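Take any residue in the sequence shown, note its place counting from 1, add 1042, and you have its number in the working numbering.
Beta carbons: idealized from backbone N, C-alpha and C, even for Gly.
Just so we're clear, the structure is a prediction, and the values are computed from it rather than from any experiment.
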Amino acid sequence: MRDWDLRLATIGRAPLLLRLAADLDCPHRTYFLGCFHLIAEDAVRTGYRTTPSHSLEALLRDAAGIDDPGITTWVGRTRELMATGRPS
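Structure, rendered in structure tokens:
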């Protein structure tokens, strides 16, 4: 993880990151999907100080509407992380 990753992976950029992660033609879609892992893990780790839980829930709702295996997996893992405080 680099400083750039932390600056890019913010809830404010989530709509753009979600479009890029879902774009089958985007050569870096895996990287953008990884940004969502950073957002979720940092939110839970900090007790939702970096990203409020309601913002993360809204992102999960938006992401759940996208038919993409990687995004679907992230949604499930993030919901588990939020429920248990531990990654799956």
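- The C-beta distance from residue 1102 to residue 1117 rounds to 6 Å, short enough to fall under 8 Å.
- The beta carbons of residue 1108 and residue 1056 sit no closer together than 9 Å.
- If you draw a straight line from the Cα of residue 1084 to the Cα of residue 1110, it comes to about 23 Å.
- The three-state secondary structure of residue 1077, taken from DSSP, is helix.
- For residue 1066, no alpha helix (DSSP H) segment is defined, and its DSSP state is neither H nor E.
- In this structure, residue 1077 sits near residue 1050, with a CB-CB distance shorter than 9 Å.
- Across the structure, residue 1052 and residue 1070 are spaced so that their CA atoms are roughly 17 Å apart.
- Following the DSSP letters along the chain, one finds residue 1113 inside the alpha helix (DSSP H) bounded by residues 1111-1126.
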